[in-house]
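Keeping their order, the protein sequence lines are chains W and Y.
In this text, residue positions in the first sequence follow the working numbering: the first is 1, and each later residue adds one.
In this text, residue positions in the second sequence follow the working numbering: the first is 1001, and each later residue adds one.
Glycine is no exception: its CB is placed at the ideal position from the N, C-alpha and C atoms.
Below you'll find the structure, written out as structure tokens, and then a few comments.
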Amino acid sequence: MLSEHPSYEELTRDFSWSIAEKELEYTPGDIINIGWHCSDRICQKGKADKIALYYEEFGGTRKQYTFNDIRLAGNTIGAFLRSQGIAEGDRVCLFMDRIPELYLSFLGILKMGAIVQPLFSAFGDESLFVRLENAETRAVITQKKHLSKVRKIRASLPGLEYVIIVDSIKPSELKPGEILFSLENAEPVEKFEIAPTRAETHSLLHYTSGTTGQPKGVKHVHYSIMSQYLTTKWVLDLRDDDIYWCTADPGWVTGTSYGIIGPWSLGVTQCVLDTGFSAQAWYRFIENYKITVWYSAPTAIRSLMKAGDELVKEFDLSSLRHLASVGEPLNSEAVIWSGRVFGKQFHDTFWQTETGSIMITNFPGMKIKPGSMGKTFPGITGAVLDPVTYTPIEEPGNAGLIAFRPGWPAMMRTYWRNEEKYREKFVNGWYLSGDRSSIDNEGYYWFIGRDDDVINTGGHLVSPFEVESALLEHPAVGESAVTSKPDEINMEVVKAFITLKPGFTTGPDLELEIMNFIRKKLSPLAMPQAVEFMESLPKTRSGKIMRRVLHAREWGEEIGDISTLEND
Amino acid sequence: MEENNLNEMKELIRNYVIKEYIDDDDTTITDETPLISSGYVDSFSMVSLLVFLENKFKIKIPPSKATPEAFDSVNNIVALVNQYLNK
């Protein structure tokens, strides 16, 4: 059963972000700290002994933490960082799997006033390097298993003063500047002076990929909690007795906005499963922990569909009461399938690293239109814009650029040291999302695709430019062009088109070598799932590679104007 | 398949997995170690493992058979490869 909130129409009519401010007991101008709000405040509300986190890793090892435990852990980590000389505003990178220390360090860093820079632990050394270099990161908190990647680039990062390892490593194995920190062995810090962060104090730096240039650091502030709190409460419909599971990794924004801040700011118990994907393991996890609210991604949902309906029947999933999805558009088949096998349809949501919180959603209680992203969250003014005039398209069903009027609390404040790129995201007072859709006559958004060449694979953005640049570092590659190709599970995956330097010959072994080269250098997401060797790449007469020609070919689309195509 | 060949195949696959996907020297990979469900090899990287198998053993594994379960251990992979050898 969904909670009985006022209707979407009522909430929209009476909306003000002051609703969140009031519920979080925040008065403008006060100190506001996400770390404190997600732990100390919940304890002060009488929930100190309530479970904040159920954690399970591969092999069945389980841990659990109360809100008082996470408060103490945040204090202890915050005090440790402060004792090392980490200062307010410093960037502290979390480069870890989904172990408890990741979630607890997140709170600790914010409590002591530094900026959290979460990075996906599967990133290769090149991806890690460009992000740490750009952010001028002062400390990395990591695990022994990821240390080799950090060590490989450390000498090139003079600003990286501390590498903190949170799990078992022998002190004799540490190199200069590496510090072992065991939360289990540290003396818990009961009283900790929270940094006097304000609404606009920077909190998080999430990196996202664009069509051109290096990844951009999206800067968020502590006030973002207002958006994350209210969207979690209304869209994910979390209430006090829920057991919640967000399957996203905190290396990405869903994993922090709705895998940490949202549920914990509401004082809700959440679960974390740190394993690879397996349909059986996921269903067993839901059954064992009696998960009630589940926020996942289309790629995972389609993988579960592939595992079959029969498997679902082997588990008792009756605890589930609300399902939601984010990452890339959720196809109507998946919505209908979930209604059939779980008795609940997934509610699709749309938002981005830059927006920081849910923008468009199939709001609970509202009619779900399978395949649609839903309507704008109360308080959000959205539109699809004409791509030429950048004015709203009034005619239902016509395609345009998804845009929002800025002003919600979780909106990014800028791109880290890239004000120019930030300004480019706004036209006529609209924030341009980079995605295209139409709006039907009932106000539902229907996703069409990206407005640029960025590849959305499994819900994660990959920059073709970044992959093309990395490909050129392979000794055999002369030229490269990267686009996407359709994929049943991940919506789209990376495909590389390559010409070879003289002396190299095509072949399956070289294809594999190139795939692994990118996987290790950038990430598994960026690895081309197919490599096509070509005699030459399509170019304009001025020599620019026409990526869109290759894209159109892969997707069976019209190639469009090729009058500038170079003739061989 | 003869036992010697089988062991050779297992060793070849195991060594490839360790070389390509395992960063931590202290991690032990046996023929039974779960690879996908444990997270040692993610679903994206599984594609490169598939390409390796197809190249090395000159086989073609249909996409419908390249499931996380079929790739979840060296033993499972060997069983999968054997289905397509000499076909």
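Does chain W have any CB closer than 9 Å to the CB of residue i?
i	result
Asp1024 of chain Y	yes
Ile1059 of chain Y	no
Ile1077 of chain Y	no
Asn1055 of chain Y	yes
Ile1036 of chain Y	yes
Thr1028 of chain Y	no
Tyr1084 of chain Y	no
Val1047 of chain Y	yes
Asp1031 of chain Y	no
Pro1068 of chain Y	yes
Val1017 of chain Y	no
Val971 of chain Y	The requested residue 971 of chain Y is not part of the displayed model; chain Y covers only 1001 to 1087.
Rounded to the nearest angstrom, what separates residue i and residue j at their Cα positions?
i	j	result
Tyr8 of chain W	Met366 of chain W	7 Å
Asp453 of chain W	Phe1052 of chain Y	29 Å
Gly255 of chain W	Ala324 of chain W	14 Å
Ser1064 of chain Y	Arg13 of chain W	49 Å
Phe465 of chain W	Gly503 of chain W	26 Å
Asp440 of chain W	Trp446 of chain W	8 Å
Arg91 of chain W	Val293 of chain W	33 Å
Phe80 of chain W	Asn1075 of chain Y	45 Å
Glu287 of chain W	Trp252 of chain W	26 Å
Leu472 of chain W	Pro538 of chain W	17 Å
Leu72 of chain W	Glu184 of chain W	12 Å
Lys1056 of chain Y	Tyr1021 of chain Y	17 Å
Ile179 of chain W	Ala186 of chain W	13 Å
Asp1024 of chain Y	Gln143 of chain W	10 Å
Asn1004 of chain Y	Gly78 of chain W	56 Å
Tyr295 of chain W	Lys50 of chain W	21 Å
Asn569 of chain W	Asn134 of chain W	Within the shown structure, residues of chain W are numbered from 1 to 568, placing residue 569 of chain W beyond reach of any answer.
Arg1014 of chain Y	Thr1027 of chain Y	12 Å
Leu128 of chain W	Val477 of chain W	23 Å
Gly382 of chain W	Ser319 of chain W	35 Å
With a threshold of 9 Å between beta-carbons, can residue i be considered close to chain Y, or not?
i	result
Glu511 of chain W	yes
Asp97 of chain W	yes
Pro508 of chain W	yes
Val221 of chain W	no
His146 of chain W	yes
Phe277 of chain W	yes
Arg519 of chain W	yes
Thr457 of chain W	yes
Gly259 of chain W	no
Asn516 of chain W	yes
Met546 of chain W	no
Comparing C-alpha positions only, which one of the options sits nearest to residue i?
i	options	result
Arg154 of chain W	W:Gly177, W:Asp167 and W:Lys170	W:Gly177
Gly556 of chain W	W:Lys485, W:Val268 and W:Leu157	W:Lys485
Ala122 of chain W	W:Val268, W:Ser148, W:Glu88 and W:Tyr244	W:Ser148
Glu23 of chain W	W:Glu10, W:His37 and W:Gly29	W:His37
Val130 of chain W	W:Ser172, W:Tyr207 and W:Ala186	W:Tyr207
Trp234 of chain W	W:Ser182, W:Pro364, W:Lys152 and W:Lys111	W:Pro364
Lys145 of chain W	W:Ile164, W:Leu510 and W:Leu330	W:Ile164
Asp1031 of chain Y	Y:Lys1010, Y:Ile1059 and Y:Gly1039	Y:Lys1010
Trp264 of chain W	W:Leu53, W:Val166 and W:Leu205	W:Leu53
Val1047 of chain Y	W:Ile518, W:Ala139 and W:Gly543	W:Ile518
Gly259 of chain W	W:Gly276, W:Ile402, W:Tyr229 and W:Ala281	W:Tyr229
Thr231 of chain W	W:Leu157, W:Asp30 and W:Gly379	W:Gly379
Phe277 of chain W	W:Glu492, W:Phe95 and W:Thr299	W:Thr299
If you follow the alpha helix (DSSP H) that residue i is in, where does it begin and where does it stop?
i	result
Tyr103 of chain W	Pro100 to Lys111
Leu132 of chain W	Asp125 to Ala135
Lys144 of chain W	Neither: Lys144 of chain W is in no alpha helix (DSSP H) and is coded neither H nor E.
His5 of chain W	Looking at the DSSP string, His5 of chain W is not in any alpha helix (DSSP H), and its letter there is neither H nor E.
Ala496 of chain W	First-last for Ala496 of chain W: Met491 to Leu500, but that is the beta strand (DSSP E), not the alpha helix (DSSP H).
Ser83 of chain W	Phe67 to Gln84
For a test of your reading of the model: does the CB of residue i fall under 8 Å from any non-hydrogen atom of the ligand MN? Yes or no.
i	result
Gly503 of chain W	No copy of the ligand MN appears in this structure; indeed no ligand is present at all.
Which residues mark the beginning and the end of the beta strand (DSSP E) in which residue i is found?
i	result
Ala530 of chain W	Ala530 to Phe533
Tyr445 of chain W	Tyr445 to Arg450
Ala48 of chain W	It is not in any beta strand (DSSP E) - Ala48 of chain W carries neither H nor E in the DSSP assignment.
Tyr244 of chain W	Ile243 to Cys246
Val218 of chain W	Lys216 to Val221
Counting only runs of 4+ residues fully inside the stretch 1007-1082 of chain Y, write out the alpha helix (DSSP H) ranges in chain order. 1046-1057
Which runs of the beta strand (DSSP E), 3 residues or longer, sit entirely within the stretch 252-337 of chain W? 269-274, 293-296 and 322-325
Entirely enclosed alpha helix (DSSP H) segments - the stretch 456-481 of chain W, minimum 4 residues: 464-471
Threshold first: 3 residues or longer. Then list the beta strand (DSSP E) segments lying entirely within the stretch 342-412 of chain W, N to C. 346-350, 382-385 and 400-404
Length-filtered (3 minimum) beta strand (DSSP E) runs lying within the stretch 142-205 of chain W: 162-165 and 178-180
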